[in-house]
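Everything in the sequence shown is counted per the numbering used here, starting at 140 for the first residue and increasing by one. To keep things clear, I will list the structure first and then write my remarks on it.
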Amino acid sequence: MLPWSVVIPAKRLAVAKTRLTPLPDGLSGSAHAELVLALLADTVAAALAAPAVTGVVVVTDDPAAAAVVTGLGARTVPDEPDRGLNPALAHGARAAGGAAVAALSSDLPALRPEELSAALTAAVSAPRCFVADAQGTGTTLLTATGVELAPAFGAGSAARHRTGGALPLTGAWPGLARDVDTPEDLRAAVALGVGRHTAALLAALGDRTG
140 MLPWSVVIPA
150 KRLAVAKTRL
160 TPLPDGLSGS
170 AHAELVLALL
180 ADTVAAALAA
190 PAVTGVVVVT
200 DDPAAAAVVT
210 GLGARTVPDE
220 PDRGLNPALA
230 HGARAAGGAA
240 VAALSSDLPA
250 LRPEELSAAL
260 TAAVSAPRCF
270 VADAQGTGTT
280 LLTATGVELA
290 PAFGAGSAAR
300 HRTGGALPLT
310 GAWPGLARDV
320 DTPEDLRAAV
330 ALGVGRHTAA
340 LLAALGDRTG
């Protein structure tokens with residue numbers, strides 16, 4: 140099994156997940172930031188627990204995000220390019236080093252460590268591979284072994300990664316495919332079973348409005 144370094148981007152909380160507004164009326168904007176951090180924490184925790192992963196690097200300039208992920212055991216690097224998601228991921232991949240590197244979405248609260256390890260094990264079949272999201276149009280995981288990562292995340296990224304030569308991977312990993320961009324996505328992730336950070340926060344939010 141290759142030793143994999145995983146790179147996860149974390150936007151500044153003020154601009155992260157602007158489409159994700161599942162919070163009940165009456166809750167402050169701080170609850171949105173708490174939810175973004177919980178999604179990130181569960182993603183990082185799952186990646187760190189994956190047997191195939193030797194380290195996790197989070198690219199972020201947000202102090203709260205950095206505190207959360209370093210507390211879990213990840214290391215951080217600043218978003219020195221500060222030119223958007225893909226330059227940040229390329230920067231993180233260079234900082235991570237190693238022959239096998241993977242870019243992972245930061246909003247996978249239902250991710251299981253064994254799912255990620257299974258996908259990374261399958262990713263040795265080509266120099267660059269990717270896993271599409273549940274809709275089939277986006278990307279949740281992009282891998283590179285011995286070549287540049289060349290990330291092309293964003294709307295329609297699955298087609299761009301395929302056109303760019305990355306091999307699509309499929310498998311029994313619903314949590315890996317279920318990123319959270321909308322309230323409907325969050326409900327689908329909860330149905331799969333979310334990690335402890337997201338579960339605890341959603342329970343607390345429910346108590347605040349109960």
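Note that CB positions come from ideal geometry on N, CA and C, so glycine has one too. All of these numbers come straight from a predicted model, not from anything done at the bench.
With a 10 Å radius around the Cβ and a threshold of 16 neighbouring Cβ atoms, R251 comes out buried.
About 6 Å separates the beta carbon of A257 from that of G310, a gap short enough to meet the 8 Å contact definition. Your pair L315 and F269 does not check out as a contact, with CB atoms roughly 11 Å apart and the cut at 8 Å. A338 and A330 have their C-alpha atoms spaced approximately 11 Å apart.
Per DSSP, V145 is one residue of the beta strand (DSSP E) stretching across 143-149. In this structure, L187 lies near A213, with their beta-carbon atoms less than 8 Å apart.
Residue pairing by DSSP places F292 in no beta bridge whatsoever. In this structure, DSSP gives V183 a helical state, which the three-state scheme calls helix.
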